[in-house]
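Please read the structure below before turning to the comments.
There are 2 protein chains.
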Amino acid sequence: MTPQNCLNFSGGPGALPERVLQQAQEAMLCVPGMGLSVLGISHRSDWFASVVSELENNIRSLLKLPENYHILFLQGGATQQFSMVPMSLLHGKSFAAEYLHTGYWSGKALPEARREGPIRVLWSGEAEGFRRMPRDEELPFSPEAPYIHYVSNETVEGVQFQRVLGRDDVPRVCDMSSDFLSRPCEAERFALIYAHAQKNIGPAGVTVVLVRDDMLKDAPTELPSFLDYRSHASAHSNFNTPPVFAIYVVLLVTRWLLHEIGGLVQMDQLNRRKAELLYSVLDHSDNFYQGRAAVADRSLMNIAFNLATPALEEQFLAAALAAGFSGLAGHRAIGGIRASIYNAITLPAVEKLANFMDDFQRQQDT
Amino acid sequence: MTPQNCLNFSGGPGALPERVLQQAQEAMLCVPGMGLSVLGISHRSDWFASVVSELENNIRSLLKLPENYHILFLQGGATQQFSMVPMSLLHGKSFAAEYLHTGYWSGKALPEARREGPIRVLWSGEAEGFRRMPRDEELPFSPEAPYIHYVSNETVEGVQFQRVLGRDDVPRVCDMSSDFLSRPCEAERFALIYAHAQKNIGPAGVTVVLVRDDMLKDAPTELPSFLDYRSHASAHSNFNTPPVFAIYVVLLVTRWLLHEIGGLVQMDQLNRRKAELLYSVLDHSDNFYQGRAAVADRSLMNIAFNLATPALEEQFLAAALAAGFSGLAGHRAIGGIRASIYNAITLPAVEKLANFMDDFQRQQDT
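Spelled out as structure tokens, the structure:
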């Protein structure tokens, strides 16, 4: 059996809704009403201005985001934001920005931030193998930090915060790359949120940034223009040629979220049911499947687990692939198995995977 | 009549070959042999490694590029390169890099370079409205410059260099965004070439950089990692999640260039015939169509011209659109008319436009 889009449990770039893929396919030759391929329409066209404007409205509506936030569509992924954030918000500051080190991706942000200014790693889960998130009493946030930075969901280790961190008098910056628009997120409690698209909301190649306008007023003036949020904000994400197709797909995904799913509350309910189904297989497997994350900090997006031996994990992956499932190998940094169940993965697909896992265990036990 | 892809004379993002659009369309639901949408395949997959590797080979073969050049696929467009180049090659230098100011885009590179180190504008065509390129005797290149920088084709004004500039003892850096892979370019005479994809080779969202390996050895070590060419070179363009789909389309275009067109010599011949056809309409129009560029510096990619009045230009654009042609409005910086005839525009399409222009003139004259 060949892999199927509907059974693509990849950690990212991840699956997209079938309806969105069909619309993207249609747009390759002809955007409805336009007569032209989406790949050949000018970013200065009225059509593209309306794409950006509808997409901004959709995100604002999904997140109930106030008007004093800019919504930007940039390139370079979260990696670029690891640098752009401190370039704008940390450069020249004397107090340290406070970073949490909760897994692979928040760790990647640290050296980039250190190049730009003083940071303090307030908590690190490294010694514990990033199997849990910190509790509030382990996080003595300082009122003087220019901002705090954390990653809401760690895709590699499968741990996720189920609450907003920090203090209301210190700007919160959050990398939501892997759970953005998967659930309501109290966006207005954050000063800056960034998320690359390739998990829940689109293809690789575009990054969404939500930034409260007061955060930009003190940014250094000598930044390269493409690294200055203000260039993109004042040009309405059309400062230089944006990734038109990737942005169009994100628009299609937000339409799907609004009109087919019904919004983020409904998306969250569905995502919870999907995650519960798989964690339940783990919990009832008599340790055949060993979840990595502490129960309280389990990710709703990435279910990371191990089997007894690497050889058995190989066998599991091969059997899964033969059954049409793909993308289940754990991240190369830690190995094991990882089922990523982003927005586009349907409940029936997760049920199929759960049944497959039960069957695989039964076959091993007999 | 609605606009047609084959009659899309947009300045960029521009038209792509029909065959490539069809293959991109197929890949939206299923990459041949993979079973998965191109939007949902991991950038760490064997498939993507083979895409990058075949694409590198194709570019190397098309340009006869020696092995001591890295071929990188980055994000951020030419705008990002305006900063990345001087960050790596100019920072901390005492002698000025020499820049040519030959039009809108080379002008955009200047302030970004000035932020990073000393530059000297060796020649500017601004006072003459960028209607011509400099002659060799107007370019007293210094042997001490860390590099020279120029734009091979100015898309806005429609002027293009038909020779390689500079001295062999000073590294040449060239923005070939709008004529890359449209003709042979003596790539091995350059130290660094960059080109965003959205003119001749793909959709917006990916930028090709060719850089000779000796250029990177003295780059500063404190660069943000995503702005350091070495990060991307050592990771084989998989340092952070690359724009998978855009890179795949560039691969499809290079296959088309190699296997359907036959290479860059053949592409260049075709492009010259297309340009000659349109310039011939201008030259035989008794000044009804007034070409912007000096004859010797006419672009083979962007034919920029004016009609007697803005009102007549509006009338021309409306009639063209009604006849199925799109993208003919000049760049917002200078107005007028611009026919961009990148690789994908066929000779029959250019013949249609030439006939349309003749007809339009005839109707006005009667």
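The listed protein sequences correspond, in order, to chains A and B. So our numbering is basically just the index in the first sequence, starting at one, shifted up by 33. So our numbering is basically just the index in the second sequence, starting at one, shifted up by 33. All C-beta atoms in this analysis are idealised placements derived from N, C-alpha and C, irrespective of residue type, glycine included.
Alpha-carbon to alpha-carbon, residue j and residue i
{"i": "Q348 of chain B", "j": "G73 of chain A", "result": "24 Å"}
{"i": "S139 of chain A", "j": "L123 of chain B", "result": "32 Å"}
{"i": "V192 of chain A", "j": "H134 of chain A", "result": "12 Å"}
{"i": "F174 of chain B", "j": "G357 of chain B", "result": "47 Å"}
{"i": "L62 of chain A", "j": "A279 of chain A", "result": "15 Å"}
{"i": "A57 of chain B", "j": "A382 of chain B", "result": "22 Å"}
{"i": "Y322 of chain B", "j": "A351 of chain B", "result": "16 Å"}
{"i": "A82 of chain A", "j": "N41 of chain A", "result": "33 Å"}
{"i": "F272 of chain B", "j": "T112 of chain A", "result": "9 Å"}
{"i": "L225 of chain B", "j": "V206 of chain B", "result": "5 Å"}
{"i": "R306 of chain A", "j": "L380 of chain A", "result": "8 Å"}
{"i": "E346 of chain A", "j": "R325 of chain A", "result": "14 Å"}
{"i": "P179 of chain A", "j": "V244 of chain A", "result": "15 Å"}
{"i": "D247 of chain A", "j": "R222 of chain A", "result": "14 Å"}
{"i": "A353 of chain A", "j": "D301 of chain B", "result": "49 Å"}
{"i": "I294 of chain B", "j": "L310 of chain B", "result": "19 Å"}
{"i": "R93 of chain A", "j": "G235 of chain A", "result": "17 Å"}
{"i": "P50 of chain A", "j": "N376 of chain A", "result": "8 Å"}
{"i": "A327 of chain A", "j": "Y312 of chain A", "result": "12 Å"}
{"i": "P257 of chain B", "j": "A130 of chain B", "result": "22 Å"}
{"i": "G369 of chain B", "j": "N339 of chain B", "result": "5 Å"}
{"i": "Q396 of chain A", "j": "T342 of chain A", "result": "16 Å"}
{"i": "E161 of chain B", "j": "D169 of chain B", "result": "17 Å"}
{"i": "N23 of chain B", "j": "P65 of chain A", "result": "Absent from the structure is residue 23 of chain B, since the part of chain B shown begins at 34 and ends at 399."}
{"i": "E159 of chain A", "j": "Y183 of chain A", "result": "15 Å"}
{"i": "D392 of chain B", "j": "A355 of chain B", "result": "14 Å"}
Cut-off 6 Å between Cβ atoms - residues of its own chain near residue i, not counting five sequence neighbours on either side
{"i": "N335 of chain A", "result": "T188, G191, R371 and S373"}
{"i": "E171 of chain A", "result": "W156"}
{"i": "F194 of chain A", "result": "M166 and S185"}
{"i": "I238 of chain B", "result": "Inspection of the sequence shows that residue 238 of chain B is occupied by Gly rather than by Ile. Result list for G238 of chain B: P276 and A279, in chain order."}
{"i": "F115 of chain A", "result": "A142 and E145"}
{"i": "G199 of chain A", "result": "F174, I181 and R205"}
{"i": "V197 of chain A", "result": "E219 and R222"}
{"i": "A60 of chain B", "result": "V71"}
{"i": "A362 of chain B", "result": "L350"}
{"i": "G110 of chain A", "result": "H229 and T240"}
{"i": "D212 of chain B", "result": "S185, N186 and M334"}
{"i": "C39 of chain A", "result": "A382"}
Classification of residue i by the beta-carbon crowding that lies within 10 angstroms, buried from 16 upward
{"i": "K401 of chain B", "result": "No answer is possible for residue 401 of chain B: it lies beyond the span of chain B, which begins at 34 and ends at 399."}
{"i": "D330 of chain A", "result": "buried"}
{"i": "S332 of chain B", "result": "buried"}
{"i": "D398 of chain A", "result": "exposed"}
{"i": "Q231 of chain B", "result": "buried"}
{"i": "P287 of chain B", "result": "With the sequence shown as reference, residue 287 of chain B is identified as Thr, and Pro is not the correct amino acid for it. Buried, since its Cβ has 16 or more Cβ neighbours within 10 Å."}
{"i": "Q108 of chain B", "result": "buried"}
{"i": "P46 of chain A", "result": "buried"}
{"i": "N233 of chain B", "result": "buried"}
{"i": "D316 of chain A", "result": "exposed"}
{"i": "D202 of chain B", "result": "exposed"}
Cutoff 7 Å; reference residue i; Cβ partners in own chain excluding five residues on either side
{"i": "S318 of chain B", "result": "Q394"}
{"i": "H269 of chain A", "result": "V85"}
{"i": "G44 of chain B", "result": "T188, N335, G360, H364, R371 and S373"}
{"i": "E177 of chain B", "result": "F128"}
{"i": "R263 of chain A", "result": "L249 and A252"}
{"i": "F163 of chain B", "result": "T135, G136, E187, E190 and V192"}
Whole-number beta carbon distance between residue j and residue i, since they are thought to touch under 8 Å
{"i": "A252 of chain A", "j": "V241 of chain A", "result": "Not really, about 19 Å apart at Cβ, beyond 8 Å."}
{"i": "L290 of chain B", "j": "G296 of chain B", "result": "7 Å"}
{"i": "G150 of chain B", "j": "P119 of chain B", "result": "6 Å"}
{"i": "H103 of chain A", "j": "A337 of chain A", "result": "With 8 Å as the limit, H103 of chain A and A337 of chain A do not qualify as a contact, their Cβ atoms being about 34 Å apart."}
{"i": "Y137 of chain B", "j": "A366 of chain B", "result": "5 Å"}
{"i": "L284 of chain A", "j": "L88 of chain A", "result": "4 Å"}
{"i": "R214 of chain A", "j": "L95 of chain A", "result": "Looking at the sequence itself, residue 214 of chain A is Leu, so the reference to Arg does not match. Their Cβ separation, rounded to whole angstroms, is 6 Å, which keeps L214 of chain A and L95 of chain A in contact under 8 Å."}
{"i": "M390 of chain A", "j": "V282 of chain A", "result": "About 31 Å separates the two Cβ atoms, so there is no contact after all."}
{"i": "R148 of chain A", "j": "E255 of chain B", "result": "6 Å"}
Own chain residues within Cβ distance below 8 Å of residue i, not counting five before or after
{"i": "L143 of chain B", "result": "Y132, H134, I152 and V154"}
{"i": "K126 of chain A", "result": "G150, P151 and P179"}
At 3 residues or longer, what runs of the beta strand (DSSP E) sit wholly inside the region 236-321 of chain B? 240-245
Which runs of the beta strand (DSSP E) at least 3 residues long sit entirely within the region 156-242 of chain A? Give them in chain order. 181-184, 205-208 and 225-229
Please give the ranges of any alpha helix (DSSP H) in the region 47-100 of chain B, keeping only runs that are unbroken, at least 4 residues long and fully inside the region. 51-62 and 79-96
Between the region 129-161 of chain B and chain D, which residues of the former have CB atoms less than 9 Å from a CB of the latter, in chain order? The question asks about chain D, but that chain is absent: this structure's protein chains are A and B.
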